[in-house]
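Each residue of the sequence shown is one higher than the last, beginning at 5 in the working numbering.
Comments concern the structure below.
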Amino acid sequence: MDRHDLRTPLLAIALVLAGAGAAGAEPAQAADAPPAAAASAPSRAGSPRPYQAPIVVPSAAGQIRVPTLPAPTITVRPVPPPTFTGRCDSAGCWNSDGTRANAIGGALVRPDGRVCQDVGGVLQCP
């Protein structure tokens, strides 16, 4: 066995034994030393304050209630049937539903005021 391999465990054992011996010995107190109660009190203005436990405050998160929302109601409107243009003249077109769409420029305006376009014979009203 090499000399260095033996030295490390012996050093560790010596340190453990030295620590155990120091823990068992009580430090000698001087006769003129003040009592322990007076030594724990701060003696100067800059010394730290003694430890105080933190103040326990109830959590605000435990008191907050999540609002419950009502279930959404989904209403599906049926798609209206397509409207086809019938006979057209310079003033507008008659539609398949019996209404007249008046021509204003290149667009057609239905009786309800919606602007539409004639795309391949089908009236497109966005």
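Built from N, CA and C at the ideal position, the CB exists for glycine as well.
Query, Result
"Hey, Ala107 and Cys120 are a contact pair by Cβ (cut 8 Å); roughly how many whole angstroms apart?", "About 10 Å; that fails the 8 Å criterion."
"Kindly identify the DSSP beta-bridge partner or partners of Ala107.", "Leu112"
"Around the Cβ of Thr12, are there at least 16 other Cβ atoms within 10 angstroms (buried) or fewer (exposed)?", "exposed"
"Would you give the residue range spanned by the beta strand (DSSP E) that Gln128 belongs to?", "Val126 to Gln128"
"Three or more C-beta pairs closer than 8 Å, one from the region 114-128 and one from the region 84-95: is that the case here?", "yes"
"Once DSSP output is grouped into helix, strand and coil, what is the label at Arg81?", "coil"
"Nearest-angstrom Cα distance between Gly102 and Arg91?", "11 Å"
"Could you check where the beta strand (DSSP E) with Gln121 kicks off and where it finishes?", "Val119 to Val123"
"DSSP puts Asp93 in a beta bridge; with which residues?", "Gly96"
"Which residues does DSSP list as the beta-bridge partners of Thr72?", "Its beta-bridge partners do not exist; DSSP assigns none."
"Could you check if Val80 is buried or exposed, using at least 16 other CB atoms within 10 Å of its CB as the buried criterion?", "exposed"
"How is Ala35 classed by DSSP in three states: helix, strand or coil?", "Below a pLDDT of 50, predicted positions are generally treated as unreliable, and Ala35, at 49, falls in that range; no measurement from the model is reported."
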